[in-house]
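Residue 41 in our numbering is what sits at position 32 of the sequence shown, and the numbering runs on without skipping anything. Just so you know, even glycine gets a beta-carbon here, dropped at the ideal spot from N, CA and C. A quick write-up on the structure given underneath.
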Amino acid sequence: MADSLKVRVLVRPKQGILDPQGEAVRGALPALGFEGVKTVHIGRLIEMEVESADEVEAMCERLLANPTVEEYEWEVVG
């Protein structure tokens, strides 16, 4: 793709939303010898190459994140 931009989108549960994956990881860490972890939040990283960043916000709102229970941030990285 000529003249493309690399975009990274980080999606994670909103504060106060149940995060079962994060809780499972938090519960497993002490068994592996990692003490003192208070909270774990599991999110996902989406990397895309796009011609323009003009529609990234709309992509996040309509498909990449569920705005009801997730928050997201995105950046152009190259």
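**Prompt:** For Arg3, which residues of its own chain have a beta-carbon under 6 Å away from its beta-carbon, when the five flanking residues on both sides are left out?
**Reply:** Only positions 10 to 87 of the chain appear in the structure, and residue 3 is not among them; the question remains open.
**Item:** For Glu84, the three-state DSSP class (helix, strand or coil)
**Value:** In the sequence shown, counting from the first residue as 1, residue 84 sits at position 75. In the structure shown, Glu84 sits in a strand (DSSP, three-state: E or B).
**Asked** Quick one, which of Ser61, Val49 and Ser13 has its alpha-carbon nearest Pro22's?
**Response** Translated into positions along the sequence shown, residue 22 becomes position 13. Per the Cα distances, Val49.
**Request:** Tell me Glu79's beta-bridge partners as DSSP assigns them.
**Result:** Numbered from its first residue, the sequence shown carries residue 79 at position 70. In the DSSP assignment, Glu79 is bridged to Pro22.
**Cutoff 8 Å: Arg21 Cβ touching any chain B Cβ** = Considering every chain present, this structure includes no chain B. It has just one protein chain.
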